[in-house]
Amino acid sequence: MPVTKIAPLVVIAAASLGLSGCATKQFVREQVAVVNARVDTLEQRVGANEAATRQAAADAQAAGTAASAANQTTNQRIDQLNARVDGLEQRMTRPKRARN
Amino acid sequence: MILLAAALAAASPAEPADAAPAADTVAPAANKAAPAEPPTRSAAAERVTAWVAGTGDNHGHPYIIVDKPAARVYLFDKTGKPLREAPVLIGRAIGDEATPAIGRKSLSEIGPAEKTTPAGRYLARFGRAVGHPVLWVDYATSVALHTIPPANKEHRRARMLSPQIDDNRITFGCINVPEAFYKAVGPRFRKDGGYVYVLPDVKPLETVFPMLAVYRPPGAADLAATPR
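Chains as they are written, first to last, in my numbering: chain A, 1 to 100; chain B, 101 to 328.
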């Protein structure tokens, strides 16, 4: 076959291969960009959630500590009052029998 | 028998500052093998011990933890250092409440189901009682901590010596401890009293000691705050 007849075929084949290769890379890049964007968004949201969770945990712990301190103070006061009442009762009445 | 009596009545010398907690496990009967090591605290007792020591709930007083399910009692000094442990006799009935007005009843008026040792946290003080002074745990419900009453028909001494737990439930609600344990309590509680924590039979631990629910041991808190 003469070269003049083969040359156009070779050019067409090479061009079609080259064109199809460019389109595949483009497609992949586009898809990767979409996925990257979604990952970035999710990462930001996870970061924000984590910060909020930490803050909530810190707030809860602070509230728990404050409640615990208030409860201890109240308990101590009740203990003191109970002791005074028991002491008065013991002084005013005859000795009591323990439940052995 | 003489050995048993001697063991229960033995006075304990004052503990040196760095002494390990003494176990008033009382001398075992001749036909019972001696335990190799002092019994360890139950999970519930460990939890309450850690909470009291970790939060200073004892407000600088010495304290006692009565583990009803294990029939054991533990004495700590005001800094939370364990001093002694011993077997204990407690109320015959299983339960964590005291019947209303039971403190005004005579022993003969107390029914079988009323013979509970109420669970809770008490500021205990020595005070007058019929017969001899006792450590009043809950004066209102007549629950006290003292040694085994001399005149009893229930073989309480043998029950205390027995390795079984069930037979330690025999009193009308009071807490009977070995004499050596009681003598260790005396000087520490004499002036300003101390706290007694009675662990429950049936109630959840957090119901009896509500602050346990919000208490986190230091290690656990550090772990939660550690950034990932």
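Ideal placement from N, C-alpha and C gives every residue a C-beta, glycine not left out.
Small disclaimer: the values here were computed from a predicted structure and weren't measured.
Check	Outcome
In angstroms, rounded to a whole number, what distance separates the CA positions of G191 (chain B) and I275 (chain B)?	7 Å
Could you tell me whether the Cβ of Q90 (chain A) comes closer than 7 Å to any Cβ of chain B?	yes
Just to check my reading of the structure: R147 (chain B) and L312 (chain B) have Cβ atoms closer than 8 Å, yes? What is that Cβ distance to the nearest angstrom?	7 Å
Report the CB separation of Y315 (chain B) from W151 (chain B) in whole angstroms; it is logged as a contact under 8 Å.	5 Å
Looking at the secondary structure, which residues open and close the alpha helix (DSSP H) in which F281 (chain B) lies?	E279 to F289
Could one say the Cβ of Y239 (chain B) lies closer than 7 Å to chain A's Cβ atoms, at least one of them?	yes
Verify whether the separation of the beta carbon atoms of K303 (chain B) and D196 (chain B) is less than 7 Å.	yes
Since H246 (chain B) meets chain A, which of its residues come closer than 9 Å, beta carbon to beta carbon?	A98 and N100
For chain A, check one thing: does any of its Cβ atoms lie closer than 7 Å to the Cβ of S242 (chain B)?	yes
Which chain A residues are close to A258 (chain B), counting only those with a beta carbon under 7 Å from its beta carbon?	Result: empty, since nearest Cβ-Cβ is about 17 Å, beyond 7 Å.
With a 10 Å radius around its C-beta and 16 neighbouring C-beta atoms as the bar for buried, classify L139 (chain A) as buried or exposed.	No answer is possible for residue 139 (chain A): the residues shown for chain A start at 1 and end at 100.
So E306 (chain B) is in the alpha helix (DSSP H); what residue range does that whole segment cover?	L305 to V308
For R221 (chain B), which residues from the same chain have a beta carbon less than 6 Å from its beta carbon, with the 5 sequence-adjacent residues on both sides left out?	Y297
Which term fits A198 (chain B), buried or exposed, when burial requires 16 or more other beta carbons within 10 angstroms of its beta carbon?	buried
Check the Cβ-Cβ distances between D79 (chain A) and every residue of chain B, and say whether any is below 7 Å.	yes
Looking at the C-beta of G47 (chain A), does it have a partner C-beta in chain B at a distance below 7 Å?	no
Are at least three pairs of beta-carbons, each pair with one atom in the stretch 176-193 of chain B and one in the stretch 149-163 of chain B, less than 8 Å apart?	yes
Leaving aside the five residues before and after R84 (chain A) along the sequence, list all residues of the same chain whose C-beta is less than 7 Å from its C-beta, in chain order.	none
Roughly how many angstroms separate the alpha carbons of V285 (chain B) and A62 (chain A), rounded to a whole number?	37 Å
So, at 8 Å on beta carbons, what are the nonlocal neighbours of P202 (chain B) in its own chain, with the 5 sequence-adjacent residues on each side left out?	Note on residue identity: the sequence assigns Ile, not Pro, to residue 202 (chain B). I210, E214, T241, S242 and G273.
Check each candidate in A:Q44, A:S68 and A:E43 and name the one with the smallest Cα separation from T155 (chain B).	A:S68
Can you round the beta-carbon distance between A186 (chain B) and S142 (chain B) to whole angstroms, since I take them to be within the 8 Å contact cut?	Not quite, the Cβ-Cβ distance comes to about 15 Å (not below 8 Å), so this is no contact.
Helix, strand or coil, according to DSSP, for V243 (chain B) in the structure here?	strand
Could you give the distance in angstroms between the alpha-carbon of D59 (chain A) and the alpha-carbon of G319 (chain B)?	19 Å
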